[in-house]
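Structure (structure tokens):
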């Protein structure tokens, strides 16, 4: 009868769990070769296609690459973030989350790991896209502050939709479902000013949607930062507001789903 | 001495469905305790409550002296759960899984690596350590799963159907490991739908049926509830033709055989011990999962 003599599991220090889970998620990202390749190659190919195939028709005068890069970067963030939903759903399905929940640590640390890994993944992919864009004629006129503004906004967007995808992963409960639901979100940039000016979209109700959805002010702001294209001075604030709203909604929704799936 | 598990009048419903209908259980420290029941009997819900994953509607549950409902965070310090599906990380290697769990359990990096190596050896996974868990067989995954629960030897180890889906050999290997863990002082609380498993592993068995404990005791005590040995006469199709009670001694069996011979019966004869199947059947009116074992003597 020595059972109660066994020592208790020590409590771990603050943020140790987060560090361990970030490392785990980064390892996952690196080893999930196909997803990693997709999240980098797809945006690059998309950009090359829009620049060289559609670009001539959309902007006969040339220079479409400058117009399209900000939109491609946001689309790329969508691809990269969508794997977060698949990873989170996978953790729910295998029951590994239940194991973490029955340990003395904040179970949300698992989600933090996935989100930080997504940020790293997406910023790397964004870097690659911008580098390739520079090779094919992208000529930003930005100074250091402009770059900081643009990167800051892109980071906010990645963070917001990563959390949204994480919540979708929790809601879906299995990787296949998460992947299917997430697909819908990936269409958002096409219905914005990312690829064509909003004024060219018809019918008018679709134009209204395009003008009032989150991607449009973000794309316009990034364009203003990187290329000096005149934009509504309120656009960056709209962009920030959208990101914050999506983030808050996703965190609340995700938190609710996470608790519901646990302590029932 | 405090009880390892102390459950009183535990109740839980999911919507209109009553899953646990007033459960009482007391498990002594160091005991191996089996909760036996069919699918849907409420086994996983019971484990869920005891491991803080599920909140009960009413009743109390203490594990290693800590109230799991009021102080879930404190309760998780003394327990480990190995759930129904092997909760392992397929993308990481076996070693990485163990190191991660050891780090999450408060070990320093060097100590974590050392502990991982020890556990790999103890669970016969040393060769598989550097391989990704996605490549493991079912038995290896289960062993790793159990090793993960044992990174810090828990006061109470919860195993939810630990051998479901394993072949006979892996099952036996796992039983050996569970016995080893129990011998080291951990209280083991397991659920199973295999009578043989409960019989082989557990000091005491509780039979759960429709959210209630319908029987509780040692395997021997439960078996005695359905009576003693019988001599059975089987026809050429293996059907039981006659069944004569006996005390199992040479004289007793000889007398039973004489009775059968006198009745002019022919066929093959077997002495049958009551199995947990019989217990299960007589308690729940439902057949259990494992075919009865017959001890042939004739």
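Chains as they are written, first to last, in the working numbering: chain H, 66 to 329; chain C, 299 to 596.
Note that beta-carbon positions come from the ideal geometry of N, C-alpha and C, so glycine has one too.
query: Does the beta carbon of residue 75 of chain H sit closer than 8 angstroms to a beta carbon anywhere in chain C?; result: yes
query: Return the chain-ordered list of same chain residues with a C-beta closer than 7 angstroms to the C-beta of residue 592 of chain C, the five sequence neighbours on each side being excluded.; result: Confidence at residue 592 of chain C is low in this model, with a pLDDT of 38, below 50, so its placement is unreliable and the value that follows should be read with caution. Closer than 7 angstroms at Cβ, skipping near neighbours: 568, 570.
query: Can you tell me whether DSSP reads residue 598 of chain C as helix, strand or coil?; result: Limits of chain C in this structure are 299 at one end and 596 at the other, which puts residue 598 of chain C out of reach.
query: Comparing C-alpha positions only, which one of C:457, C:532, C:581 sits nearest to residue 558 of chain C?; result: C:532
query: Sort out for me which residues DSSP pairs residue 316 of chain C with in a bridge.; result: C:311
query: Would you grab the beta carbon distance between residue 300 of chain H and residue 282 of chain H for me? Rounded to a whole angstrom, and I think it's under 8 angstroms.; result: 5 angstroms
query: Which runs of the alpha helix (DSSP H) spanning at least 4 residues fall entirely within the stretch 405-429 of chain C, listed in chain order?; result: 407-420
query: Does the beta carbon of residue 403 of chain C sit closer than 8 angstroms to a beta carbon anywhere in chain H?; result: yes
query: Find out if the Cβ-Cβ distance for the pair residue 211 of chain H, residue 291 of chain H is shorter than 8 angstroms.; result: yes
query: Residues of chain H with CB under 7 angstroms from residue 398 of chain C, in chain order?; result: 85, 89
query: Going by other Cβ atoms of all chains shown within 10 Å of its Cβ, with 16 needed for buried, is residue 164 of chain H buried or exposed?; result: buried
query: Nearest to residue 184 of chain H by CA position, among H:223, H:168, H:152, H:193, is which residue?; result: H:223
query: How about residue 449 of chain C and residue 499 of chain C: are their beta carbons less than 8 angstroms apart?; result: no
query: Take residue 482 of chain C as the anchor and find which of C:313, C:328, C:323, C:307 has the nearest alpha-carbon.; result: C:328
query: Exposed or buried, residue 69 of chain H, counting other C-beta atoms within 10 Å across all chains shown (16 or more means buried)?; result: For residue 69 of chain H, the predicted structure reports a pLDDT of 46, less than 50, and the residue's modelled location is therefore unreliable. The matter cannot be settled from this model.
query: Between the Cα of residue 517 of chain C and the Cα atoms of C:536, C:331, C:306, C:426, which residue gives the shortest distance?; result: C:331
query: Hey, would you say the C-beta of residue 420 of chain C is under 7 angstroms away from at least one heavy atom of the ligand COA?; result: With respect to small molecules bound, the structure shown includes none, and the ligand COA cannot be examined in it.
query: Check whether chain H comes within 8 angstroms of residue 453 of chain C, counting only Cβ atoms and requiring the distance to be less than that.; result: yes
query: Hey, quick one: how far does the beta strand (DSSP E) through residue 391 of chain C stretch, first residue to last?; result: Unbroken run through residue 391 of chain C: none, as it is neither H nor E.
query: For residue 465 of chain C, write down the residues that DSSP places opposite it in a beta bridge.; result: Answer is none; residue 465 of chain C lacks a bridge partner.
query: Near residue 135 of chain H, what residues of its chain come up, given a Cβ to Cβ distance below 6 angstroms and the 5 sequence neighbours on each side ignored?; result: 284, 287, 288
query: Just the Cα atoms here: how many angstroms apart are residue 388 of chain C and residue 156 of chain H?; result: 10 angstroms
query: Would you call residue 77 of chain H buried or exposed, if buried means 16 or more other Cβ atoms sit within 10 Å of its Cβ?; result: buried
query: Give a yes or no on contact between the stretch 216-233 of chain H and the stretch 142-154 of chain H, applying the rule of three or more CB pairs nearer than 8 angstroms.; result: yes
query: Helix, strand or coil: which one does DSSP assign to residue 304 of chain C?; result: strand
query: Step through the CB atoms of chain H and report whether any lies within less than 8 angstroms of the CB of residue 476 of chain C.; result: no
query: Residues of chain C with a CB under 7 angstroms from the CB of residue 169 of chain H: which are they?; result: 371, 374, 375
query: Run through the stretch 314-365 of chain C for me and flag every whole alpha helix (DSSP H) of 4 or more residues, listed as ranges in chain order.; result: 341-348
query: Return helix, strand or coil for residue 376 of chain C, following the three-state DSSP convention.; result: helix
query: When DSSP builds the beta bridges, which residues end up paired with residue 144 of chain H?; result: DSSP output for residue 144 of chain H lists no bridge partner at all.
query: Below 6 angstroms CB to CB, which residues in the same chain sit around residue 453 of chain C once its five sequence neighbours on both sides are set aside?; result: 362, 376
query: Name, going along the chain, the residues of the stretch 135-167 of chain H whose beta-carbon falls closer than 9 angstroms to a beta-carbon of chain C.; result: 155, 156, 158, 159, 160, 161, 162, 163, 164, 165, 166, 167
query: When the Cβ atoms of the stretch 339-350 of chain C are set against those of the stretch 304-322 of chain C, are three or more pairs found closer than 8 angstroms?; result: yes
query: Measuring straight from C-alpha to C-alpha, what distance separates residue 328 of chain H and residue 337 of chain C?; result: Reliability fails at residue 328 of chain H, whose pLDDT of 45 lies under 50, so the model's placement of it is uncertain and the value that follows must be treated cautiously. Their backbone Cα atoms lie some 22 angstroms apart in a straight line.
query: State the DSSP-derived secondary structure class of residue 625 of chain C, mapped to helix, strand or coil.; result: Examination of residue 625 of chain C is not possible in this model, given that chain C is present from 299 through 596 alone.
query: Taking Cβ-Cβ distances shorter than 8 angstroms, what residues in chain H pair up with residue 389 of chain C?; result: 92, 93, 96, 97
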